[in-house]
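Read top to bottom, the protein sequences are chains H and U. With my numbering applied, the first sequence covers 446 to 715. With my numbering applied, the second sequence covers 446 to 715. Report on the following structure.
2 protein chains.
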Amino acid sequence: MGAQLTCEIISVGNELLIGKVVNTNASWLAERLTRLGVAVKRITVVGDSLSEIASCVTEALSRKPRYIITTGGLGPTYDDITLEGLARALGKPLILNPEALEMVRRKYEKMGEGLTEARLKMAKMPEGAEPLPNPVGTAPAAKVLLEETVIYALPGVPREMEAIFNETISRDVSRESGFRVAELSLRVTGVKESALAPLISKVKELCPSTYIKSHPKVSEERPLIEIYFNAFHRDEAEAKRIVSEAAEKLTRLIEEAYGKVVSFPEGPNT
Amino acid sequence: MGAQLTCEIISVGNELLIGKVVNTNASWLAERLTRLGVAVKRITVVGDSLSEIASCVTEALSRKPRYIITTGGLGPTYDDITLEGLARALGKPLILNPEALEMVRRKYEKMGEGLTEARLKMAKMPEGAEPLPNPVGTAPAAKVLLEETVIYALPGVPREMEAIFNETISRDVSRESGFRVAELSLRVTGVKESALAPLISKVKELCPSTYIKSHPKVSEERPLIEIYFNAFHRDEAEAKRIVSEAAEKLTRLIEEAYGKVVSFPEGPNT
Chain H
446 MGAQLTCEII SVGNELLIGK VVNTNASWLA ERLTRLGVAV KRITVVGDSL
496 SEIASCVTEA LSRKPRYIIT TGGLGPTYDD ITLEGLARAL GKPLILNPEA
546 LEMVRRKYEK MGEGLTEARL KMAKMPEGAE PLPNPVGTAP AAKVLLEETV
596 IYALPGVPRE MEAIFNETIS RDVSRESGFR VAELSLRVTG VKESALAPLI
646 SKVKELCPST YIKSHPKVSE ERPLIEIYFN AFHRDEAEAK RIVSEAAEKL
696 TRLIEEAYGK VVSFPEGPNT
Chain U
446 MGAQLTCEII SVGNELLIGK VVNTNASWLA ERLTRLGVAV KRITVVGDSL
496 SEIASCVTEA LSRKPRYIIT TGGLGPTYDD ITLEGLARAL GKPLILNPEA
546 LEMVRRKYEK MGEGLTEARL KMAKMPEGAE PLPNPVGTAP AAKVLLEETV
596 IYALPGVPRE MEAIFNETIS RDVSRESGFR VAELSLRVTG VKESALAPLI
646 SKVKELCPST YIKSHPKVSE ERPLIEIYFN AFHRDEAEAK RIVSEAAEKL
696 TRLIEEAYGK VVSFPEGPNT
């Protein structure tokens with residue numbers, strides 16, 4: 446086993462520098478990364494300033510961490526400039542990324558709306574960046590490789606940041622750090638997502654190391670909800686045990702309340 | 446009128462880097478400093494490592510802020526090494542400060558106890574430092590001047606940090622700054638952040654001395670956006686006038702486009 450993987454977190458936003466918002470994103474990420482075997486070496490908070498963001502990224506790169514994760518500044522407003530700052534630090538142009546554009550376009554199409562200049566802005570990324578899907582918001586995240594560092598730029602809205610970390614980054618990181626992921630999905634037919642929410646919250650409390658996320662497949666009126674679980678552990682069997690336990694607890698709670706409505710599309714233990 | 450005073454905050458502690466503790470000290474200080482007219486430019490979190498602390502202080506000094514405030518690492522245990530790191534960054538020896546020693550001695554005397562090696566440690570400061578009394582704990586804080594920067598080293602226990610800030614530092618800072626801040630928030634219901642973005646940009650152009658920041662409270666699909674304004678001025682009435690004007694301009698633009706969707710959660714002029 447090589448040296449421990451390292452990470453720096455860069456949180457972008459004037460709201461953090463005036464004390465209006467407490468930096469829970471950084472502590473959430475630090476806690477997750479620590480559990481995945483990564484050593485967080487530094488957390489830096491800077492404002493919505495192009496030169497500050499760029500120099501902050503440049504300084505972090507000079508310390509050669511394996512990962513740099515930024516949060517904030519990916520939205521549609523004039524002061525959302527993290528990707529521009531990142532491009533500057535990398536010496537690359539900021540370009541309209543076709544794949545990101547398609548992600549943004551589809552989000553607004555679903556809402557029956559078109560693209561505007563402010564919405565196009567969310568698809569502008571440093572040249573060579575890979576857009577990462579945002580399952581709960583509109584602004585895609587971005588992944589950029591530079592020599593030995595992988596840079597992830599995530600949105601600042603906590604539930605968006607958490608979903609992208611859980612669904613994409615945690616997989617990459619755990620593969621590198623020697624942690625295994627166990628995943629499992631179950632389907633619930635005929636119960637509204639809003640009715641499942643308190644049961645999911647309860648299981649989250651009981652099983653804090655399992656990530657649980659519900660995805661409605663059909664409308665609230667005729668609901669089919671897929672519930673996705675994942676957990677990480679150095680020992681694959683232990684990771685499987687952890688997700689199975691959470692899935693069983695949730696199944697029991699749902700079936701106590703609503704009867705035989707749970708099925709496992711890929712078998713109970715994938 | 447001079448330039449706005451600036452500050453960097455350096456938070457020291459492994460507990461912050463593993464996500465065990467949320468950095469509320471930094472946001473508390475940032476909020477206080479903002480109210481006193483100081484611009485917090487950067488917050489950095491580092492672990493209990495001599496070289497990390499020293500290089501972090503050296504980097505902050507190179508950016509020439511008026512203030513550097515550190516929190517954490519002043520206690521009696523082996524990993525409380527902030528003042529040693531500070532001494533290294535300043536190129537000064539760490540010495541037993543007689544005044545600090547007296548403060549520590551009296552604290553333990555009151556408890557009917559004497560000094561030990563671990564307790565003496567709390568009185569060791571960079572040569573030339575001024576100890577600041579800790580009204581609610583045992584470890585004194587320290588104040589060091591270096592060229593145009595004033596460095597304050599505060600304990601990490603929130604109530605100790607807050608007491609020392611309130612009783613000593615806030616006085617120094619407000620004497621120097623003479624700035625007042627005015628703040629205001631409004632809420633917009635049912636309009637997407639991406640639709641508000643161009644209107645905010647327009648007001649930002651018209652009112653360049655007002656800081657404006659939108660915070661989505663609910664998702665883009667069912668939007669509730671809080672828009673926060675602040676402005677600094679030596680004259681409090683003028684600061685209030687500046688933010689009110691910006692808020693009124695934005696309200697007008699939004700309501701012209703979307704109707705009566707703006708509300709003021711704390712009244713129109715707080």
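Quick reminder that beta carbons are idealized off the backbone N, C-alpha and C, glycines included. The model shown is predicted, which means the values in this text are computed figures rather than measured ones.
Q. Does the beta carbon of H:Ser472 sit closer than 8 Å to a beta carbon anywhere in chain U?
A. yes
Q) Just curious, the beta strand (DSSP E) that U:Glu671 is in, first and last residue? A) 669-678
Q.
If you reduce the DSSP assignment to three classes, tell me which class U:Thr715 lands in.
A. With a pLDDT of 40 at U:Thr715, under the threshold of 50, the modelled position of this residue cannot be trusted, and the question is left open.
Q: Can you pull the chain U residues whose beta carbon is under 7 Å from the beta carbon of H:Lys647, in chain order?
A: Neighbours of H:Lys647 on chain U: none; closest Cβ ~23 Å, over 7 Å.
Q: Report the rounded CA-to-CA distance for H:Gly536 versus H:Ser472, giving the unit in angstroms.
A: 30 Å
Q | N-terminal and C-terminal residue of the beta strand (DSSP E) that U:Lys569 is part of | A | 569-571
Q. Expressed to the nearest angstrom, what Euclidean distance is found between the alpha-carbon atoms of U:Glu592 and U:Glu529?
A. 20 Å
Q) Taking 7 Å as the cut-off, is the CB of U:Leu461 close to at least one heavy atom of the ligand MN? A) No copy of the ligand MN occurs in the structure displayed, which carries no ligand at all.
Q: Assuming U:Val581 and U:Glu544 form a contact by the criterion Cβ under 8 Å, report the distance between their Cβ atoms to the nearest whole angstrom.
A: Actually they do not touch by this definition, with Cβ atoms about 19 Å apart.
Q. Enumerated in chain order, which unbroken segments of the beta strand (DSSP E) with a length of 3 residues or greater are wholly contained in the stretch 621-667 of chain H?
A. 625-634, 656-661
Q. Are H:Pro585 and H:Val549 touching if we call contact CB-CB under 8 Å?
A. Taking 8 Å as the cut-off, the beta carbon of H:Pro585 is found closer than this to the beta carbon of H:Val549.
Q | Pair within 8 Å by beta-carbon distance, U:Ile454 and U:Val485 | A | yes
Q) Taking the alpha-carbon positions, what's the U:Leu495 to H:Glu575 distance? A) 37 Å
**Q.** chain H contact for U:Ser639 (CB, 8 Å cutoff)
**A.** yes
(Q) Let me check understanding here. Comparing Cα to Cα, which of U:Phe677, U:Gly464, U:Thr503 lies closest to U:Ser654? (A) The candidate whose alpha carbon is nearest that of U:Ser654 is U:Phe677.
Q: Pair every Cβ in the stretch 555-562 of chain U with every Cβ in the stretch 456-475 of chain U, then say whether three or more of these pairs are closer than 8 Å.
A: No: the two stretches stay apart, fewer than three of their Cβ pairs being nearer than 8 Å.
(Q) My output table needs one value for U:Thr451: the three-state DSSP class, helix, strand or coil. (A) strand
Q. Touch check for the stretch 507-525 of chain U and the stretch 597-615 of chain U: three-plus C-beta pairs under 8 Å?
A. In short, these stretches touch, since the Cβ pair count reaches three.
Q. Does the stretch 701-709 of chain H come within contact of the stretch 630-649 of chain H, defined as at least 3 CB pairs closer than 8 Å?
A. yes
Q) Taking U:Val457 as the reference, which of U:Asp525, U:Ala640, U:Arg487 has the closest Cα? A) U:Asp525
Q: Keeping to the same chain, check which residues put their C-beta closer than 8 Å to that of U:Asn714; ignore five residues upstream and five downstream.
A: Because the pLDDT of U:Asn714 is 45, which lies under 50, any placement of that residue in the model is unreliable, and the number read from its coordinates should be weighed accordingly. Leu629, Lys685, Ser689.
Q.
I believe H:Val483 touches U:Val467 by the beta-carbon criterion, under 8 Å. Please report the beta-carbon distance rounded to the nearest angstrom.
A. That belief does not hold up - the Cβ atoms of H:Val483 and U:Val467 are roughly 19 Å apart, past 8 Å.
Q) Could you give the C-beta distance for U:Thr527 and U:Ile498, rounded to a whole number, given that I count them as a contact under 8 Å? A) 6 Å
**Q.** Proximity to H:Glu621 [Cα-Cα], best of H:Ile463, H:Leu462, H:Leu481, H:Glu460
**A.** H:Leu481
Q: Using a threshold of 8 Å, state whether the C-beta atoms of U:Leu698 and U:Lys662 are closer than that.
A: The answer is no: Cβ separation not under 8 Å.
Q | CB contact check: H:Asn459 to chain U, cutoff 8 Å | A | yes
**Q.** Local conformation of H:Tyr523 per DSSP, three classes
**A.** In the three-state DSSP reduction, H:Tyr523 falls in the coil class, being neither helix nor strand.
**Q.** Cα-Cα separation, U:Ile687 to U:Leu669
**A.** 25 Å
Q.
Could you pull the DSSP bridge partners for H:Leu539 from this structure?
A. H:Pro571
Q. Is it the case that the Cβ atoms of H:Leu531 and H:Pro571 are separated by a distance below 8 Å?
A. yes
Q) If you draw a straight line from the alpha carbon of H:Ile614 to that of H:Leu590, how long is it in whole angstroms? A) 13 Å
Q: Can you say whether U:Ser659 is buried or exposed, counting buried as having 16 or more other CB atoms within 10 angstroms of its CB?
A: buried
Q. So is U:Val491 in contact with chain H if we call contact Cβ pairs under 8 Å?
A. yes
Q. Which first and last residues belong to the alpha helix (DSSP H) in which H:Arg686 is found?
A. 681-703
Q: Note down, in chain order, every chain H residue with its Cβ under 7 Å from the Cβ of U:Pro576.
A: Neighbours of U:Pro576 on chain H: none; closest Cβ ~27 Å, over 7 Å.
Q) Cβ of U:Tyr673 less than 8 Å from any chain H Cβ? A) For U:Tyr673, the nearest beta carbon of chain H is closer than 8 Å to its own beta carbon.
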